[in-house]
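Below is one structure; the comments refer to it alone.
In full-length UniProt numbering, the protein residues as written are 1 to 743.
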């Protein structure tokens with residue numbers, strides 16, 4: 001074979017995965033096992049050795065960053081022959097298909113993609129029109145229910161049937177119908193529509209499905225464990241004819257059930273495709289054997305998984321450092337001290353280290369300590385760049401220029417900067433436009449003919465002229481010229497200076513960066529256009545925009561850490577009630593604990609050389625100090641892999657000094673055995689009484705739900721609730737803080 005050298009560096013199982021090109025293939029790729037290398041070499045092998053034309057290949061990833069990396073690596077391997085392959089995210093691939101065929105669904109090819117804020121604006125308007133209390137039926141909860149329905153391919157009509165007898169769902173059913181109608185009127189889709197409508201397109205038009213089955217004779221899907229029902233159905237439809245489907249994933253890293261991911265998709269692959277070839281990639285290239293042994297030990301306690309054991313040719317490595325702090329402040333002090341020692345000793349840079357936690361709320365003490373110690377850090381989870389006010393405003397200008405029926409964008413910027421156009425006028429204009437099937441500019445031009453808008457037409461007219469001029473200019477200048485032109489013409493920078501002088505410079509820097517982003521797009525896009533730019537931005541995930549390269553400690557939740565790696569990792573808050581969380585411990589659903597354990601496995605396998613696990617003996621929750629119990633996940637790690645240290649912080653109170661020191665003969669795994677864990681929630685008084693089947697209730701984690709059964713147990717009430725987001729849960733009303741929603 002003339003290109004043997006290209007595949008010589010692959011290990012035996014990687015080569016097997018690359019060379020198995022025909023039929024259904026499941027590649028179980030453990031953490032750090034080189035799955036991207038396998039995918040890229042497999043695509044190169046298909047094109048170069050099997051002589052598959054690249055336009056017959058579809059490769060699906062979950063992030064734009066991963067798609068870009070895969071594309072670059074394949075082109076580096078074989079050059080131009082790979083360029084006609086579709087290498088993209090689910091959403092990008094579906095948008096390409098919908099742009100071509102959306103007329104069959106009642107859309108024009110210029111439809112807009114709504115982001116979460118746009119969706120909320122539509123729902124808020126519908127709630128007002130229906131006189132529904134927004135506090136009781138929040139836009140977030142309504143959209144969550146609709147999103148879940150779309151992920152499960154439940155249409156509005158089907159939702160009507162499911163909703164019967166459930167007060168919340170019955171309201172959502174009506175809103176779901178009206179929401180979809182409003183999207184169609186606006187010539188817009190939300191993110192969930194993109195995949196669901198592509199599935200509908202294929203199911204309703206067999207000839208179109210057959211075209212794409214013929215086109216995509218070889219399909220590869222990365223991160224298959226993260227697929228939801230709609231994504232699963234899309235792939236089943238496309239692969240149904242040739243079944244040359246290769247999916248890559250790790251069921252042990254399935255941590256997005258709350259987003260709709262269904263682990264059964266990967267676990268049942270061999271049932272869906274009975275001739276499937278299963279290949280396990282278990283050699284790890286990232287971590288030490290000690291770290292892998294700890295990860296293997298933890299995840300082995302899960303029942304719902306496919307067996308695999310990670311191993312490495314790397315060194316055995318140092319033991320995992322376990323630190324028991326008195327409280328979260330001492331825990332943060334310890335982490336900061338370790339970071340300072342490593343940097344001052346020149347053994348590590350800040351960028352080599354990451355601090356992981358289960359929830360964002362845990363970051364407070366850690367952040368404060370980083371600041372006090374002058375440790376530079378970067379926190380995942382601030383306001384995403386494209387959700388910042390100034391960026392959103394300019395984006396809405398661009399969207400309305402690109403799509404005159406984008407009424408949500410119009411609602412945001414018709415009076416930005418202030419033009420004396422009130423909310424009522426904007427609402428009347430939108431209604432007039434929808435009734436007459438006008439775009440916003442045409443509605444403004446015709447507003448003088450409307451009795452309700454005649455008086456406002458003088459204020460509206462200059463805005464209509466402005467957008468007419470912008471649409472003409474958009475064809476003649478580059479985006480890097482056009483965006484500053486918009487800001488100049490509308491006086492946007494002056495508006496920012498007047499509205500918020502203290503943050504003016506920061507906002508201007510953000511706008512400058514936005515122009516830089518437009519320049520990057522124009523340099524890389526084959527045929528740059530305003531529509532293409534907006535489409536690309538709509539698909540950018542928050543994790544994709546993380547700034548790499550700055551010498552700073554990374555701080556993030558365990559969910560955010562997936563896919564990343566660091567020489568040194570601190571896993572903090574390793575306590576029952578924190579990780580695993582209290583709700584998972586008390587839900588009665590073993591799958592909740594298994595999902596948390598997978599998250600722990602993800603955290604452990606982020607570490608390359610050094611892993612620290614810390615926990616606090618006392619943690620303040622809702623203003624109260626509570627005794628903690630070491631996380632059950634830490635107790636699942638063999639003792640010989642660990643090195644323990646206990647803090648000696650003294651806590652002075654009005655009474656005697658409390659001092660916690662290590663008892664050498666007692667291992668932390670045996671500490672506090674038999675003691676009750678104080679739940680990390682305040683104990684609310686009296687919410688258990690008065691519950692009855694059919695009541696609408698709310699829970700701080702699970703959201704809205706409907707009571708199905710109530711049973712008195714000692715001084716509490718055991719309540720079975722069907723929650724909108726997570727389905728049925730059985731909880732103790734007082735302990736879990738369930739509250740009745742008054743209609």
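Backbone N, C-alpha and C fix where the C-beta goes; we use that ideal spot for every residue, glycine too.
Remember, it's a predicted structure, so these values are computed and weren't measured experimentally.
What span of residues does the beta strand (DSSP E) with residue i cover, start to end?
i	result
residue 569	566-571
residue 610	607-616
residue 649	Careful: residue 649 lies outside any beta strand (DSSP E) and carries neither H nor E.
residue 385	Run containing residue 385: none; DSSP gives neither H nor E here.
residue 8	Counting along the chain, residue 8 falls outside any beta strand (DSSP E), and DSSP gives it neither H nor E.
residue 29	25-29
residue 354	353-357
residue 190	188-190
Identify the continuous alpha helix (DSSP H) that holds residue i and give its terminal residues.
i	result
residue 13	12-19
residue 364	363-372
residue 506	504-524
residue 378	Per DSSP, residue 378 belongs to no alpha helix (DSSP H); it is in the beta strand (DSSP E), 377-379.
residue 159	156-163
residue 487	479-490
Look at the alpha carbon of residue i and the alpha carbon of residue j, and state the distance between them as a whole number of angstroms.
i	j	result
residue 660	residue 325	Per-residue confidence for residue 660 stands at a pLDDT of 34, beneath the threshold of 50, marking its modelled position as unreliable; no derived number is given.
residue 246	residue 27	7 Å
residue 656	residue 514	Residue placement at residue 656 is poorly supported in this model, since its pLDDT is 32, which falls under 50; the coordinates still yield a value, given next. If I take the Cα positions, the gap works out to 59 Å.
residue 347	residue 570	16 Å
residue 243	residue 218	8 Å
residue 12	residue 22	18 Å
residue 334	residue 537	40 Å
residue 202	residue 184	19 Å
residue 463	residue 121	21 Å
residue 688	residue 416	Low per-residue confidence applies at residue 688: pLDDT is 43, beneath 50, and the placement is therefore not dependable, though the value from the model is reported in the following sentence. Their Cα atoms are separated by approximately 48 Å.
residue 82	residue 48	9 Å
residue 396	residue 539	16 Å
residue 698	residue 410	34 Å
residue 168	residue 594	29 Å
residue 663	residue 573	For residue 663, the predicted structure reports a pLDDT of 34, less than 50, and the residue's modelled location is therefore unreliable. The matter cannot be settled from this model.
residue 328	residue 608	25 Å
residue 15	residue 606	25 Å
residue 7	residue 41	7 Å
residue 270	residue 304	15 Å
residue 492	residue 189	28 Å
residue 589	residue 69	38 Å
residue 468	residue 103	26 Å
residue 268	residue 592	19 Å
residue 488	residue 158	49 Å
residue 187	residue 110	8 Å
residue 650	residue 277	In this prediction, residue 650 scores a pLDDT of 48, lower than 50, which makes its location untrustworthy; no coordinate-derived value is stated.
residue 222	residue 694	42 Å
Would residue i count as contacting chain C if we go by Cβ distances under 8 Å?
i	result
residue 33	Although the question refers to chain C, the structure presented lacks it and comprises just one protein chain.
If you compare alpha carbons, which of the options is closest to residue i?
i	options	result
residue 254	227, 565 and 242	227
residue 91	186, 193 and 249	193
residue 473	464, 486, 462 and 461	486
residue 160	112, 567 and 176	176
residue 241	48, 206 and 385	206
residue 148	438, 167, 196 and 509	196
residue 460	446, 170, 62 and 503	446
residue 578	370, 605, 363 and 401	363
residue 127	172, 87 and 154	172
residue 234	639, 503, 209 and 260	209
residue 640	65, 290 and 35	290
residue 611	287, 482, 731 and 492	287
residue 130	79, 390 and 179	179
residue 817	365, 298 and 528	This structure cannot speak to residue 817, because the chain is shown only from 1 to 743.
residue 191	375, 86, 146 and 504	146
residue 465	424, 401, 528 and 455	401
Do the region 312-325 and the region 346-359 touch if we need at least three Cβ pairs shorter than 8 Å? Short answer: they don't touch.
Which ranges does the alpha helix (DSSP H) cover as unbroken runs of at least 4 residues, wholly within the region 553-604, from first to last along the chain? Correct list: 558-561, 582-586 and 590-604.
Please confirm if the region 433-445 is in contact with the region 133-141, defined as three or more CB-CB distances below 8 Å between the two stretches. No, the region 433-445 is not in contact with the region 133-141.
Any beta strand (DSSP E) of 3 or more consecutive residues that is wholly inside the region 247-293: Here the runs fully enclosed are 277-281.
Touching or not, the region 306-317 and the region 633-651, by the rule of three or more beta carbon pairs under 8 Å? Verdict: no, contact absent.
Give, in chain order, every unbroken run of the beta strand (DSSP E) that is at least 3 residues long and sits entirely within the region 295-344. Segments of the beta strand (DSSP E) lying fully in the region 295-344: 320-325.
Are at least three pairs of beta-carbons, each pair with one atom in the region 363-375 and one in the region 335-343, less than 8 Å apart? Segments in contact, yes.
Contained beta strand (DSSP E) runs [length at least 3] in the region 58-144, N- to C-terminal order: The DSSP assignment places complete beta strand (DSSP E) segments of no fewer than 3 residues inside the region 58-144 at 86-89 and 112-114, in order along the chain.
On the three-pair Cβ rule with 8 Å, is the region 281-295 touching the region 579-586? Too few Cβ pairs lie closer than 8 Å, so no.
Report yes or no: do three or more beta-carbon pairs, one from the region 392-408 and one from the region 112-121, lie closer than 8 Å? Enough Cβ pairs lie closer than 8 Å, so yes.
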